[in-house]
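Working notes, beginning with the structure itself.
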Amino acid sequence: MADLKDAYIAALEKKLAELSGIEVDQIKKNQLANAADEARAISEMAEYVASIQVEQAGVAQAGVVNPQIAAVYSHITAELGEERGAHVLPPMKYDYAALEPHISAMIMEIHHTKHHQGYITNLKACTEKLKQAEEANDVAAMNALLPAIKFNGGGHLNHTIFWTNMAPNAGGEPSGPIADAINKEFGSFQDFKAKFSAASVGVKGSGWGWLGYCPKNDTVAVATCQNQDPLQITHGLIPLLGLDVWEHAYYLQYKNLRADYVKAFFNVINWANVNERYDNARKSAGH
Numbered sequence: 019m020a021d022l023k024d025a026y027i028a029a030l031e032k033k034l035a036e037l038s039g040i041e042v043d044q045i046k047k048n049q050l051a052n053a054a055d056e057a058r059a060i061s062e063m064a065e066y067v068a069s070i071q072v073e074q075a076g077v078a079q080a081g082v083v084n085p086q087i088a089a090v091y092s093h094i095t096a097e098l099g100e101e102r103g104a105h106v107l108p109p110m111k112y113d114y115a116a117l118e119p120h121i122s123a124m125i126m127e128i129h130h131t132k133h134h135q136g137y138i139t140n141l142k143a144c145t146e147k148l149k150q151a152e153e154a155n156d157v158a159a160m161n162a163l164l165p166a167i168k169f170n171g172g173g174h175l176n177h178t179i180f181w182t183n184m185a186p187n188a189g190g191e192p193s194g195p196i197a198d199a200i201n202k203e204f205g206s207f208q209d210f211k212a213k214f215s216a217a218s219v220g221v222k223g224s225g226w227g228w229l230g231y232c233p234k235n236d237t238v239a240v241a242t243c244q245n246q247d248p249l250q251i252t253h254g255l256i257p258l259l260g261l262d263v264w265e266h267a268y269y270l271q272y273k274n275l276r277a278d279y280v281k282a283f284f285n286v287i288n289w290a291n292v293n294e295r296y297d298n299a300r301k302s303a304g305h
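Counting from 19, one number per residue, gives the positions in the sequence shown under our numbering.
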């Protein structure tokens, strides 16, 4: 995982070199460490997974396996069609530069090839350790893996949704069923935009802003999640539209101005994808 972190910091420094000298000095002193937070978190999670010791069969303690472990893999399978452990980086459906000027090509490339790949690498390591724990019936070890499975599995799931939620020559106001649902729940698209933006900007530290579907009430709702916690596990909402507000997602372009990044995001939202997700979620819920 050290290579992942080094590659990310190297890319940051390359971009910093293009800025004015004053900005470079200021950013390097005050912001570079923050910009690498996700790479550091990925690295630390890999170390955590490696530190978990699986007891031999007959020695391990029995107990109840946390159902969230299976839920994470289930949601990944539903989104990507991947079986547990067979996780790969999904290809982008557009070029890294296709979302410019709203999101830069450098951000997109680092985000996809370094960060998303880092989650996948760690998830596969988690899955291998989980398999060992299951073979030994070591429930304590299985449950100890839950934070890493949620973090890395959630990172893989969330980013996969994020890439499809965006498209070149997109944005604007939605139409179709999702527009009707938004208007019904929030009063207008502008009211939804204000609530979604405020929630996303207001995420403490790192996390995600979401528009989700509630299958019980047949409604849509705005919610936030910390770190990489999956929306469905955290709030019971099916993800329709997600916005990554970790610093790595916008820092190179917007520095610490998260609100500007959130505003720019509305210029690249793929409402056709959101509509498709909404229709599928309603059908699955029997509505």
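We treat Cβ as the ideally placed atom computed from N, Cα and C, and that holds for glycine.
For the alpha helix (DSSP H) holding residue i, just list the boundary residues, first then last.
i, result
"Asp262", "Per DSSP, Asp262 belongs to no alpha helix (DSSP H); it is in the beta strand (DSSP E), Ile256 to Asp262."
"Tyr112", "First-last for Tyr112: undefined, no H or E at that position."
"Gly136", "Gln135 to Glu153"
"Phe210", "Phe207 to Val219"
"Pro186", "It is not in any alpha helix (DSSP H) - Pro186 carries neither H nor E in the DSSP assignment."
"Thr131", "No alpha helix (DSSP H) contains Thr131, which DSSP labels as neither H nor E."
"Leu249", "Leu249 to His253"
"Asn161", "Val157 to Ala162"
Determine the extent of the beta strand (DSSP E) in which residue i is found, giving its start and end residues.
i, result
"Thr242", "Thr237 to Gln244"
With distances taken Cα to Cα, identify the nearest neighbour of residue i among the options.
i, options, result
"Thr145", "Asn274, Gln271, Glu127 and Phe169", "Phe169"
"Ala166", "Ile200, Val90 and Ala303", "Val90"
"Phe207", "Ser193, Ala159, Ala217 and Val219", "Ser193"
"Asp113", "Asn187, Tyr137 and Glu152", "Asn187"
"Gln86", "Trp289, Ile121 and Leu163", "Leu163"
"Asn293", "Leu229, Tyr279, Glu265 and Val263", "Leu229"
"Thr182", "Asp297, Ile287 and Asn298", "Ile287"
"His129", "Trp264, Ala290, Asn285 and Trp289", "Trp264"
"Ser215", "Ile121, Glu127, Phe284 and Gly225", "Phe284"
"Ala267", "Glu203, Ala185, Gly225 and Asn140", "Gly225"
Under 8 Å by Cβ, that's how I've got residue i and residue j pegged, so tell me the actual separation to the nearest angstrom.
i, j, result
"Ile94", "Gly171", "6 Å"
"Val106", "Asn161", "Not really, about 27 Å apart at Cβ, beyond 8 Å."
"Gln271", "Ile179", "Wrong, their Cβ atoms sit about 21 Å apart, outside the cutoff."
Please classify residue i: does DSSP put it in a helix, a strand, or coil?
i, result
"Leu229", "strand"
"Ile179", "helix"
"Ile287", "strand"
"Val83", "coil"
"Lys297", "Per the sequence shown, residue 297 should be read as Asp rather than Lys. Of the three classes helix, strand and coil, the one that applies to Asp297 here is helix, per DSSP."
"Val106", "coil"
"Ser302", "helix"
"Tyr268", "coil"
"Ser193", "coil"
"Lys234", "coil"
"His120", "coil"
"Ser224", "coil"
Is any heavy atom in the ligand HEM found nearer than 6 Å to the beta carbon of residue i?
i, result
"Asp156", "Of the ligands one can find in the structure shown there are none, so the ligand HEM has no counterpart to examine."
- Does the segment 251-259 come close enough to the segment 225-240 to have 3 or more Cβ pairs within less than 8 Å? Contact annotation: the segment 251-259 touches the segment 225-240, with at least three C-beta pairs closer than 8 Å.
- the segment 141-159 touching the segment 110-127, judged by at least three CB pairs closer than 8 Å: With the cut-off at 8 Å, the segment 141-159 and the segment 110-127 do not touch.
- Message: I'd like to know if the segment 241-251 and the segment 205-225 are in contact, where contact means that at least 3 CB-CB pairs between them fall below 8 Å.
- Response: yes
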